[in-house]
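First to last, the sequence lines map onto chains X and D.
Residue numbers for the first sequence follow the numbering used here, beginning at 1 and rising by one.
Residue numbers for the second sequence follow the numbering used here, beginning at 386 and rising by one.
Note that CB positions come from ideal geometry on N, CA and C, so glycine has one too.
One structure is given below, encoded as structure tokens.
There are 2 protein chains.
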Amino acid sequence: MITAVEGVKCYGIKEGKNGLGIVVCKGKVAGVFTKNRFKAAPVIVTQEHVESGEIEGIIVNSGNANAFTGEEGLRNAKKMAELLAKKLNVPIHKIAVASTGVIGVQLDMGWIEGKFEEVFANLGTSREHALSFAKSIMTTDSFPKECVIRADGFTIAGVAKGAGMIAPNMATMLAFIFTDADFEPYELRNMLKKAVDRSFNVTVVDGDTSTNDMVLLIATGKNKVDRTLFEQKLTEICIDLAKMIAKDGEGATKFMEVRVKGAKNDDEAFKAAKAVASSVLVKTAVFGNDPNWGRIIAALGYSGIEVSEKLDLSVEGFKDGKSVGSVDLVKDGKSMMNEDKAREIMKKSDEIVFSIDLKVGDGSGYAFGCDLSYEYVRINSEYTT
Amino acid sequence: MITAVEGVKCYGIKEGKNGLGIVVCKGKVAGVFTKNRFKAAPVIVTQEHVESGEIEGIIVNSGNANAFTGEEGLRNAKKMAELLAKKLNVPIHKIAVASTGVIGVQLDMGWIEGKFEEVFANLGTSREHALSFAKSIMTTDSFPKECVIRADGFTIAGVAKGAGMIAPNMATMLAFIFTDADFEPYELRNMLKKAVDRSFNVTVVDGDTSTNDMVLLIATGKNKVDRTLFEQKLTEICIDLAKMIAKDGEGATKFMEVRVKGAKNDDEAFKAAKAVASSVLVKTAVFGNDPNWGRIIAALGYSGIEVSEKLDLSVEGFKDGKSVGSVDLVKDGKSMMNEDKAREIMKKSDEIVFSIDLKVGDGSGYAFGCDLSYEYVRINSEYTT
């Protein structure tokens, strides 16, 4: 929970589809934002506020994305920031604001203003406070996503939401990461960008990049810490949160990890892994416990990377974190005729790992995803009705 | 039917998942092939053969893609070509060979050789002969795809297969187009490339680009014809075949067309239209008759094109080719609150057209697709089991 970091106070409420959450925490800040050309109003506002390098609070609503809402949307996003800024007696640019939910509808500011006092009055530092915030930012998420890492001399804690519209370049994915480590904003930005590229940006649920994504990293600066160790732990926590999002993929019955080695370089390895994890045909095959490795080959082929016909491909299954077996599907480019064994392993598993050795070079990479089920179709065909 | 073009003889059979089809037709030839890096053996062989500029026959099997099958696969593809070359008493490079089906399994050459005589002996020029060929190349297709256009002084006839693994850059999509017009191979190639870019390459079922795609254009050269008119009719027939493929998208209940105008240029318009037609979230919304236009906005935003917040967006529904109504969803960037009307129209329709005016420039374009249903998931999770 984020309150594991000293100086973090928070609370959140959820009423039906609407949620409101607040975090109060003074610190240096860096952010990574969606690349969608239709940036939601809160993204535009927060991107500007974060440039000042320091914030004192975050206000988030769920149920409405405040995206494609024009001038009125921008005014509302600023109003949200203002509510918190006034209470904390700080300039508005010290507040970050985020939204997630339906696109194209104006915020119900009456509801937000009406609930603000209640949320603010209940801010606190307990585990329950952290959980209430984690729950308040959920939309189609089926569980709250929290993670804490305690390392030598510092703590990192993060909270995230996201289950749909998740794609390689961010998604309706919000993540707020707090630490007591001491870094300058430019250092935080560099480290966060790298960590996000190797975690959230290789996580695919449906390939759609949302208008609202943001990851914020806030450092309270209590402890001087080793940069290399911090970078490592920051990437770790981003990976943990990203995996939770993939596991909670809308309608997902299985988590999928794709590991690629032997690529021309790391970038090609990540690109190949993402192509496999993104393939709708691979995702439906995983749902059906079908070791249809031809679809993996096809995805590697159209990913645009350098390939060789001598590749190895194996599958391993896990249930509750424990291996239930692994088997080679392709060795030196030849089918090992192990489809039946693979099917049995896949049936017993809630986590599927495909490992690919391209045998072209030394690059390695990975991607996270999930299967595509009937339930995904149900959720997404009935979302606004 | 392809036998509408003088000089085309064909026949095909289907036994369970396996099919074998033959076309005999002497003519100048051009081809467009998959960009997948793992090109199937028949693609490699045919790409080379087509370079000679002239062919005399085509042999196609369905049920097995002969892809990722190494040296043995290449030998088998050549063997298939050889079977027909010997019968026609022509060099092997005068034969095109194509395959579609499961990846990574060696061809059952015994079956192909065993059936070859029967298919060859039954070649003919009737409508039934054309239909038998169209059926023999089907895999998960639910109907054969044939089209004929008779224009001033010439005929174009085409046959295609494809229902899954269809993506912007070709797909497990085979199309063979015949004409009695007279053009040189380099002319055919230029015209075919342009026509494919504006038809098959803007058709999306699941976004996966197959290892096996090819489109061949064969011109018998009986009639000198106007090039502009021919180009127009060639594009028309490619669009007709591409639409049939989208309509037959695996598990599809609705055909979807996305029309974009007001883009910076035509390329951006096509790019935007493809992004919308490819979005898994848009596809599931169409399945659920959900006018969730926020997902269209999000797709336009991540497509990478120049956008403005002043766009217009409307939806029109068709049933059996007749309009059942249309309604504005967004006008000058503002929601028209017509979701209920749109839902009613979508419910009654088997064809949905989204029209978008980006109001940025003069570019226009379009894309074809279909919805994503429970049935798509069923088909693709159970394909090899």
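- Counted as a single uninterrupted DSSP element, the beta strand (DSSP E) harbouring threonine 605 of chain D occupies residues 599-608.
- In this structure, the alpha-carbon of methionine 599 of chain D lies about 13 Å from that of serine 584 of chain D.
- Under the three-state reduction of DSSP output, arginine 198 of chain X falls in the coil class, being neither helix nor strand.
- CA-to-CA, the gap between asparagine 597 of chain D and valine 712 of chain D works out to about 40 Å.
- Among the CB atoms of chain X, none fall inside 8 Å of the CB of leucine 559 of chain D.
- Lysine 424 of chain D and lysine 94 of chain X have their C-alpha atoms spaced approximately 55 Å apart.
- Of the candidates D:Gly718, D:Ala654, D:Gly404, D:Gly404 places its Cα closest to the Cα of serine 484 of chain D.
- Alanine 536 of chain D and lysine 618 of chain D have their C-alpha atoms roughly 8 Å apart.
- Annotation for glutamate 72 of chain X: Gln106 place their beta carbon closer than 7 Å to its own, counting only its chain and skipping 5 residues before and after.
- Residues of chain D whose Cβ lies closer than 8 Å to the Cβ of phenylalanine 287 of chain X are, in chain order, Val762, Ser766.
- One alpha carbon belongs to alanine 85 of chain X, the other to isoleucine 92 of chain X, and they sit about 5 Å apart.
- Scanning chain X for C-beta atoms nearer than 7 Å to the C-beta of valine 692 of chain D yields Arg37, Phe38, reported in chain order.
- Taking a contact as a CB-CB distance under 8 Å, the pair aspartate 611 of chain D and alanine 548 of chain D does not count as one, their CB atoms being some 35 Å apart.
- Per DSSP, the continuous beta strand (DSSP E) segment holding phenylalanine 255 of chain X begins and ends at 255-263.
- Contacts with chain X (Cβ-Cβ distance below 7 Å) from the stretch 596-623 of chain D involve Thr596, listed in chain order.
- Among the residues of chain D, none has a CB under 9 Å from the CB of serine 52 of chain X; the nearest is roughly 26 Å distant.
- Residue environment analysis places tyrosine 366 of chain X among the buried positions, since at least 16 neighbouring C-beta atoms fall within 10 angstroms of its C-beta.
- Taking 8 Å as the CB threshold, phenylalanine 453 of chain D lines the interface with chain X.
- Straight-line measurement puts the Cα of glycine 538 of chain D at about 41 Å from the Cα of methionine 731 of chain D.
- Our two residues, valine 393 of chain D and isoleucine 603 of chain D, have alpha carbons roughly 10 Å apart in a direct line.
- Apart from sequence neighbours up to five positions away, the residues of its chain that approach lysine 744 of chain D with a beta-carbon distance below 8 Å are Gly647, Ser693, Lys695, Leu696, Asp697, ordered along the chain.
- Contact with chain D is absent for leucine 123 of chain X, since none of that chain's Cβ atoms lies less than 8 Å from the residue's Cβ.
- In this structure, the beta-carbon distance from valine 409 of chain D to glycine 442 of chain D falls below 8 Å.
- Nearest in C-alpha terms to asparagine 421 of chain D, of all of X:Ile305, X:Lys322, X:Met337, is X:Ile305.
- For alanine 631 of chain D, the closest Cβ of chain X is not nearer than 8 Å.
- Taking the Cβ atoms as the reference, glycine 361 of chain X lies roughly 39 Å from lysine 224 of chain X, outside the contact range of under 8 Å.
- Under a criterion of Cβ atoms nearer than 7 Å, no residue of chain D is adjacent to glycine 365 of chain X; the nearest Cβ is some 17 Å distant.
- About 4 Å separates the beta carbon of leucine 372 of chain X from that of lysine 283 of chain X, a gap short enough to meet the 8 Å contact definition.
- Runs of beta strand (DSSP E) with 3 or more residues, each lying fully within the stretch 120-151 of chain X, are found at 145-151, listed in chain order.
- Annotated as distal: methionine 109 of chain X and valine 97 of chain X, with beta-carbon spacing of 8 Å or more.
- Here DSSP, grouped into helix, strand and coil, assigns leucine 757 of chain D to coil.
- Taking C-alpha positions only, proline 185 of chain X is separated from lysine 161 of chain X by approximately 24 Å.
- Contact check between the stretch 279-295 of chain X and the stretch 241-259 of chain X: three or more CB pairs, one atom from each, fall below 8 Å, which counts as touching.
- Listed along chain D, the residues sitting closer than 8 Å to leucine 300 of chain X by beta-carbon distance are Arg422, Phe423.
- For the pair histidine 434 of chain D and valine 445 of chain D, the Cα-to-Cα distance works out to about 15 Å.
- Under the DSSP assignment, alanine 163 of chain X falls outside any beta strand (DSSP E); it carries neither an H nor an E label.
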